[in-house]
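Residues 1487 to 1967 in my numbering are what the first sequence lists, from first letter to last.
Virtual Cβ for every residue (Gly too), placed ideally from N, Cα, C.
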Amino acid sequence: MSQEQGITPRAKDFSAWYNDAVMRAELADYSPVRGCMVIRPNGYAIWELIQQALDRMFKDTGHRNAYFPLLIPQSFLAKEAEHVEGFAPEVAVVTRAGGKELDEPLVIRPTSETIIYDSFAKWIHSYRDLPLLINQWANIVRWEMRTRLFLRTTEFLWQEGHTAHVDEADAEREARQMLAVYRRFAEEWMAMPVLTGVKTDSEKFAGALRTYAVEALMQDNKSIQAGTTHHLGQNFAKAFGVQFQTAAGGLDYVWNTSWGLSTRLIGGLVMTHGDDVGIVCPPRLAPVQVVVVPIYRSDAERTAVSEVADRAAKSLRDGGFRVELDAREGMKPGAKYYEWEGQGVPLRLEVGPKDVAKEQVFAARRTGGKAPIPLAGLVDGVRAALEEIQSGLYQAARERREANTRRGVSRDELVALMAGPGGFAFGGFCGRLECELAIKEATKATVRVLPDEEFRSPTPPATCAWCGSPSVVEAVWAKAY
RNA sequence: CGGGGCGUAGCGCAGUCCGGUUAGCGCGCCUGGUUCGGGACCAGGAGGUCGGAGGUUCAAAUCCUCUCGCCCCGACCA
């Protein structure tokens, strides 16, 4: 009866719960360097699954992977005025190497627009070279003041797509397409409902014409930006001289996009589906989808049970599932249950003497509920259970989001909402920076997105939630990660 | 950088106010045995520069000074 690794309940302290859940699942550990983190095998396995799913989606939309250097000449960053200003405070700079001061300091990439567009300038000559569709998987460094495991660390892993196009419309199409990819990934793989939309000028990427994002509401009613795409216009093309000959024989600058999604998503996964026991992995991103636990007393029982458990595990592996058979001796089944639950394994199959006699396994879902599955239909039964868990997680998250969304908020409601429970607040917006800043000052909430049409309210708000003047666009406010 | 908390065994902590001899407890770990359908039990065992430096003292985990680091909350950000 020894409860050793109880974690802080969400209701008591959400931040503490998050740390406990991440540590209990052994996703990550603190590093000797302030602000950095070690991604442990359990966490990295989730990242690998995210990479596999996204990489396929990127390739299917015509992108190719490449790799650009970690170190960037400092002067590159300075070529785009808004960009350098946006990143200056958080850039780490190498000034000394090889035992001497460098002639020109090298920055450790906070993002790779500059060094990539320097290459693009060499590679692109003709409209026939366009579109150029590149992605890279990389680590980047941004010197953050305050860090949290996965959610904000000094170094993190991400992918960054960089593309060049003949005209504005094609670049816009690309930025929109990749936003749709992120949305689909979030919904279908992460089981995480998202809002899509455009960022306000004050929230957009430094150097971009427009920034789009997918935003998801976490269980503490704060929003996380789960993926972001930028239409960069010709800003970087002009700064780096990325020109091409048009079909008509003229000379023009390319139109660029960039888009990224990071290991932060793992934090989003934890905060979307986790409960007071620990993390819950949606089956499609679960490093272990099914754990098989044999149960027995005597040696004779062990023999019979093990035989069935082995066979079950093997047939599931052959069926394409990620399966762990937990045959550890000297550990009671209950102890194993708690361990795997803490790692978020969506489905546990118990195999005991009674099950062997009935030619079944007993399936316990991480999301609740137990039911037998006949051995004869094991693969199909497990597939159905995992699909139900996947869609159930999405539905639950979606219902939670809807329950924590308010529409047509007034100034008083916005203030009260953000001072209290939080959540998504839809309301009218006059579009003025002045109001945006006043709201942020008063409520700590920011405009997460100006939502795309499908997410907007049936009747557009008439007046700005803050100043009461006519609304020009609907906005979604929330506190954010 | 401001406010709050904390550094004692792998993890979680007690001991610190009021200095005193071999620094303790739970979990975990190792060995053997009995167990095993929701966190097992018994017996034996390993494991410590008390974050670091300096000082006070016959004597410091404990008192003083400095310092390093971590977590949480706030100002910046994916």
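Is it buried or exposed, residue i, if we count other Cβ atoms within 10 angstroms and call 16 or more buried?
i, result
"Arg1814", "exposed"
"Ile1768", "Here the sequence assigns Pro to residue 1768, which means Ile is not the residue at that position. Under this definition Pro1768 is a buried residue."
"Val1895", "buried"
"Asn1621", "buried"
"Pro1947", "buried"
"Gln1489", "Residue placement at Gln1489 is poorly supported in this model, since its pLDDT is 41, which falls under 50; the coordinates still yield a value, given next. Exposed, since its Cβ has fewer than 16 Cβ neighbours within 10 Å."
"Ala1672", "buried"
"Gly1914", "buried"
"Ala1786", "exposed"
"Gly1863", "exposed"
"Trp1826", "buried"
"Trp1609", "exposed"
"Thr1715", "buried"
"Ser1709", "buried"
"Asn1625", "exposed"
"Phe1764", "This sequence places Gly at residue 1764; Phe is not what is there. Buried: at least 16 other Cβ atoms inside 10 Å."
"Ala1871", "buried"
"Met1487", "Because the pLDDT at Met1487 is just 25, under 50, the model does not fix this residue reliably, and the value given afterwards should be weighed accordingly. Flag for Met1487 reads exposed."
"Thr1597", "buried"
"Ala1821", "exposed"
"Asp1687", "exposed"
"Pro1495", "exposed"
Residue i: which of the options sits nearest, CA to CA?
i, options, result
"Val1809", "Thr1600, Val1774, Glu1660", "Val1774"
"Met1904", "Glu1873, Asn1707, Ala1799, Leu1833", "Asn1707"
"Glu1534", "Lys1685, Thr1749, Arg1886, Tyr1823", "Thr1749"
"Pro1575", "Asp1656, Arg1638, Glu1630, Glu1590", "Glu1630"
"Leu1755", "Val1627, Ala1507, Ile1859", "Ala1507"
"Leu1718", "Glu1660, Gly1914, Met1678", "Glu1660"
"Gln1811", "Pro1819, Asp1796, Asp1804, Tyr1824", "Residue identity check: residue 1811 is Leu in the sequence provided, not Gln. For Leu1811, the nearest C-alpha among the options comes from Asp1796."
"Gln1645", "Ala1871, Lys1930, Ser1605, Met1664", "Met1664"
"Ile1866", "Glu1571, Ala1849, Arg1942", "Sequence check: residue 1866 is Asp here, not Ile. When only C-alpha atoms are compared, the closest one is Ala1849."
"Ile1752", "His1549, Ala1666, Gln1537, Lys1545", "Gln1537"
"Ala1723", "Ile1602, Val1901, Gly1820, Arg1520", "Ile1602"
"Ser1612", "Ala1733, Leu1513, Ile1765", "Ala1733"
"Asp1546", "Asp1589, Val1667, Gly1529, Ser1598", "Val1667"
"Met1817", "Tyr1782, Gly1805, Val1831, Asp1804", "Tyr1782"
"Asp1604", "Ala1578, Ala1564, Ala1966, Arg1632", "Ala1564"
"Val1570", "Asp1687, Asp1738, Ala1694, Ile1525", "Ala1694"
"Phe1606", "Thr1494, Ala1725, Gly1830, Phe1642", "Ala1725"
"Glu1539", "Pro1858, Thr1789, Leu1771, Tyr1530", "In the sequence under discussion, the amino acid at residue 1539 is Ala, which differs from the Glu named in the question. Taking only the C-alpha atoms, the option nearest Ala1539 is Leu1771."
"Gly1548", "Pro1591, Leu1616, Ala1964", "Leu1616"
"Ala1502", "Lys1930, Arg1634, Arg1670", "Arg1634"
Just reading off the alpha helix (DSSP H) that residue i is part of, what are its end residues?
i, result
"Gln1663", "1654-1674"
"Glu1599", "1599-1609"
"Ile1536", "1527-1546"
"Ala1723", "1721-1726"
"His1648", "Taken as a continuous stretch (DSSP letters only), His1648 belongs to no alpha helix (DSSP H), being part of the beta strand (DSSP E) at 1641-1651."
"Ile1925", "1919-1929"
Classify residue i as helix, strand or coil using the three-state DSSP reduction.
i, result
"Met1487", "Bear in mind that the predicted position of Met1487 carries a pLDDT of just 25, short of 50, making it unreliable; the figure below should be weighed with that in mind. Residue state, collapsed to three classes: coil."
"Tyr1739", "strand"
"Asp1506", "helix"
"His1629", "A small fix is needed here, since residue 1629 is Trp in this sequence, not His. Coil, per DSSP."
"Val1577", "coil"
"Lys1800", "helix"
"Met1523", "strand"
"Arg1808", "coil"
"Ala1951", "coil"
"Leu1936", "strand"
"Glu2020", "Since the first residue of the chain shown is 1487 and the last is 1967, residue 2020 is not available in this structure."
"Gln1711", "strand"
"Phe1912", "strand"
"Ile1875", "helix"
"Lys1498", "coil"
"Asp1687", "helix"
Compute the minimum distance between the beta carbon of residue i and the heavy atoms of the ligand FAD, and state whether it is under 7 Å.
i, result
"Val1577", "What this structure holds is no ligand at all, so the ligand FAD is not there to describe."
From which residue to which residue does the beta strand (DSSP E) around residue i run?
i, result
"Val1847", "1846-1851"
"Ala1514", "1514-1516"
"Val1962", "1959-1964"
"Gly1683", "1681-1684"
"Ile1752", "That residue, Ile1752, is in no beta strand (DSSP E); its alpha helix (DSSP H) goes 1750-1759."
"Gln1731", "1729-1731"
"Lys1822", "From DSSP, Lys1822 is part of no beta strand (DSSP E) but of the alpha helix (DSSP H) over 1819-1828."
Whether or not the segment 1736-1755 and the segment 1641-1650 are in contact is what I'm after, with contact meaning three or more pairs of Cβ atoms, one per stretch, closer than 8 Å; do they touch? yes
Please confirm if the segment 1677-1684 is in contact with the segment 1775-1786, defined as three or more CB-CB distances below 8 Å between the two stretches. no
Quick check: the segment 1686-1701 against the segment 1923-1941, are there 3 or more CB pairs under 8 Å? yes
Quick check: the segment 1791-1805 against the segment 1834-1845, are there 3 or more CB pairs under 8 Å? yes
Is the segment 1916-1930 touching the segment 1950-1959 in the sense that three or more CB pairs, one from each, lie closer than 8 Å? yes
Does the count of Cβ pairs from the segment 1505-1522 and the segment 1634-1641 closer than 8 Å reach three? yes
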